[in-house]
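Asker: This is the structure I want to talk about, given as structure tokens.
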Amino acid sequence: MTIDRTKADALMIAALKKVKGLVEVSPFSEKDGQQVLGIEEDAEKRSLMGLGRVTNTGIREVLNCDLVYVALTNREFGWGSPSLILKKGEEVVGEEIEDEEAIARLKKKENVWFMHKNFVIYKDRIAFPEDVMKKLCHFEIPCIPAEWCVLEGSDFSYHSIIYANPSTPCDLFLKNSYFKGVDVWGQGTILIGVKLRRNNKMPVEQEYAELYPLEAEDLLNYLPDVDCGECGAASCVEFAEQIIEGKNLPSNCPVLDDKIKTVMEKVFKFELPLIPYDTMMESVTPALIKLGHPTPDSMVLVTGNFRETVSILKLILEATLTDAFLLITDTKGYSIDNAVGGKTFRPFEIFKILVDSQVAAEVKHSRLIIPGLAKSLATDIKKLTSWDVLVGPVSGLELPLYLIKTAQGV
Ligand code: SF4
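Right, here's the structure in full:
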């Protein structure tokens, strides 16, 4: 890391002190990491409650961050959610939900059941309570995006800022170690972690280049696989490699579908705009955007609400004259890779924007395309929304090609 740690701490502490409900803040000492983990492990052994193990994955994630802080909270602090999830294997089968509107919506669905006034169980994912009693499930205390932490004039770029709630014994340890043992009713502690970018000095536009490149093997999905050699390459594989290297053109393949050829040409002429440094986590309002002239047969694409993700997708789809519905879901301003990693790309938010946008009234199908990076969530999204879920490509540049192929039913 090339950041100035003293400056970074000063920035973070200044930002955290502005958050309502955070009374005191201190950098967390690395030497306390092992002790905190040990206390949490002990607490987890005692937290069986007949309902299965409760693991504090949130604390572990925060301790894995590049910068870690501890804060004393008072009753004014707004606890985010979910602060507790129920998993069967790797699948989330239940979660705590804070948003009253969301609770009201879910209560109308047949496949959910409320274990507590704000803890929902997705009945089609679990035999409840049998699976819990058989210890096939476990609870997790996850980390939560610290969307209230706003860094002003930051000279370092970061992936995400998260926070986690310690167990009661760990809370006491933190109060004793950092806040003079203060243990007043209504006061608690949280740990806050900042995940920096791999190379803190890396310009953001280079990171886009990492996220969006089209590879030869991606192109192969759209080539005829005839190996006739008429393009001057010995095979379609070689042709794909030559296109990527800028040594051949899609128009040189006489067998290639005309629509694919035209879009491929446009994609390779498309220049990714430079992304300024200061846009990390800037969000747009979740909404439905109509691109081009979508018809009831046009596809519904899902993306996150990081401003630059939306802007770049629009540019690519407009440049290739693609007609589609773009559903912007609330990922708390995170780009898709960070949102999937940080668990802010959530099936529930997709369900919510599907309902709020009333996109079902615009189309005569019920198929969604989610980003390739969110592949692991496809089943959960299908179960919650009852829409068919197609997993799209990882690269936004491949998306127009993928849409043509999907429309052709190939
Ligand atoms: S002309 Fe088209 S089908 Fe023939 S080898 Fe080249 S890419 Fe493949």
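Residue 10 is where the sequence shown starts when you use this note's numbering, and the numbers rise one by one after that. For glycine and all other residues, C-beta sits at the position ideal for the given N, C-alpha and C.
1) For residue 374, which of 199, 388, 304, 203 has the nearest alpha-carbon?
2) Which first and last residues belong to the beta strand (DSSP E) in which residue 80 is found?
3) Under 6 Å Cβ to Cβ from residue 194, same chain only, skipping five residues before and after it: list those, please.
4) Among 382, 85, 367, 395, which has the Cα closest to the Cα of residue 404?
5) Can you pull the DSSP bridge partners for residue 148?
6) Is it the case that the CB of residue 248 approaches a heavy atom of the ligand GDP more closely than 7 Å?
7) Counting Cβ pairs, one atom from each stretch, are 3 or more of them under 8 Å apart for the segment 296 to 303 and the segment 257 to 277?
8) Is the CB-CB distance between residue 38 and residue 78 below 8 Å?
9) Whole angstroms are fine: how far does the CA of residue 196 sit from the CA of residue 170?
10) Considering residue 411, what are the terminal residues of the alpha helix (DSSP H) in which it resides?
11) Do the segment 266 to 274 and the segment 338 to 348 touch if we need at least three Cβ pairs shorter than 8 Å?
12) Using 8 Å for Cβ pairs, my map puts residue 331 next to residue 228. What's the rounded Cβ distance?
13) Please classify residue 218: does DSSP put it in a helix, a strand, or coil?
14) Locate the alpha helix (DSSP H) running through residue 135, then write down its first and last residues.
15) Take the Cβ of residue 125 as the centre, count every other Cβ of all protein chains shown within 10 Å, and call the residue buried at 16 or more, exposed below.
16) Inspect the CB distances between the segment 38 to 56 and the segment 111 to 122 and report whether three or more fall short of 8 Å.
17) For residue 308, report the span of its alpha helix (DSSP H) as first-last.
18) For residue 25, which of 42, 81, 14 has the nearest alpha-carbon?
19) How big is the Cα-Cα spacing for residue 119 and residue 138?
20) Hey, quick one: how far does the beta strand (DSSP E) through residue 197 stretch, first residue to last?
21) Since residue 200 and residue 175 are thought to touch, with beta carbons under 8 Å apart, how far apart are those beta carbons, to the nearest angstrom?
22) Does any C-beta atom of chain B lie closer than 8 Å to the C-beta of residue 157?
23) What first and last residue would you give for the alpha helix (DSSP H) that runs through residue 321?
24) What does the Cβ neighbour count give for residue 408, buried or exposed, with the cut at 16 atoms within 10 Å?
25) Identify the residues that DSSP records as bridge partners of residue 246: which are they?
26) Could you work out which residue in 64, 31, 386, 32 is closest to residue 47 when comparing CA atoms only?
27) Count the CB pairs spanning the segment 227 to 241 and the segment 67 to 77 that are closer than 8 Å, and state whether there are at least three.
28) Can you find a heavy atom of the ligand SF4 that lies under 7 Å from the Cβ of residue 225?
29) Under 7 Å from any heavy atom of the ligand SF4, does the C-beta of residue 274 make it?
30) So residue 13 and residue 205 are supposed to be a Cβ contact under 8 Å. How far apart are they, rounded?
31) Could you name the residues that DSSP lists as bridge partners for residue 111?
32) Are residue 173 and residue 158 closer than 8 Å when you measure CB to CB?
33) Along the chain, where does the beta strand (DSSP E) containing residue 299 start, and where does it finish?
34) So, are the CB atoms of residue 414 and residue 329 less than 8 Å apart?
Answerer: Concretely, from the data shown:
1) Cα-wise, what sits closest to residue 374 is 304.
2) Here the beta strand (DSSP E) through residue 80 covers 76 to 82.
3) Only residues of its own chain outside the window of five on either side were considered, and among them none has a CB closer than 6 Å to the CB of residue 194.
4) It is 382.
5) Under DSSP, residue 148 takes part in a beta bridge, and its partners are 63, 95.
6) For the structure depicted, the ligand GDP is absent and the ligand set comprises only the ligand SF4.
7) Touching, no, given that fewer than three Cβ pairs across the two stretches are closer than 8 Å.
8) Judged by beta-carbon spacing, residue 78 lies beyond the 8 Å limit of residue 38, meaning their Cβ atoms are not closer than that value.
9) Distance between the alpha carbons of residue 170 and residue 196 is about 22 Å.
10) The continuous alpha helix (DSSP H) containing residue 411 extends over residues 408 to 416.
11) The segment 266 to 274 makes no contact with the segment 338 to 348; the number of CB pairs closer than 8 Å stays below 3.
12) Contact doesn't hold; Cβ gap of about 18 Å is too wide.
13) Note on residue 218: pLDDT 42, under 50, position unreliable in the model; no value is reported.
14) Counting along the chain, no alpha helix (DSSP H) covers residue 135, and no H or E run does either.
15) Per the 10 Å Cβ criterion, exposed.
16) No, they do not touch.
17) Note, residue 308: premise wrong, no alpha helix (DSSP H); not H, not E.
18) Per the Cα distances, 81.
19) One C-alpha to the other measures close to 17 Å.
20) 197 to 205 is the extent of the beta strand (DSSP E) around residue 197.
21) Right, the Cβ-Cβ distance comes to about 7 Å (below 8 Å), so this counts as a contact.
22) In the displayed structure, chain B is absent; only one protein chain is listed.
23) Annotation: the continuous alpha helix (DSSP H) that includes residue 321 extends over 316 to 328.
24) Result: buried.
25) Paired residues: none, contrary to the question.
26) Nearest C-alpha to residue 47: 64.
27) With the rule of 3 Cβ pairs closer than 8 Å, the segment 227 to 241 does not count as touching the segment 67 to 77.
28) For residue 225, the distance from the CB to the nearest heavy atom of the ligand SF4 is not below 7 Å.
29) Every heavy atom of the ligand SF4 is 7 Å or more from the Cβ of residue 274, so no.
30) With 8 Å as the limit, residue 13 and residue 205 do not qualify as a contact, their Cβ atoms being about 13 Å apart.
31) Residue 111 is not bridged to any residue.
32) Contact flag unset, no.
33) Here the beta strand (DSSP E) through residue 299 covers 296 to 300.
34) The answer is no: Cβ separation not under 8 Å.
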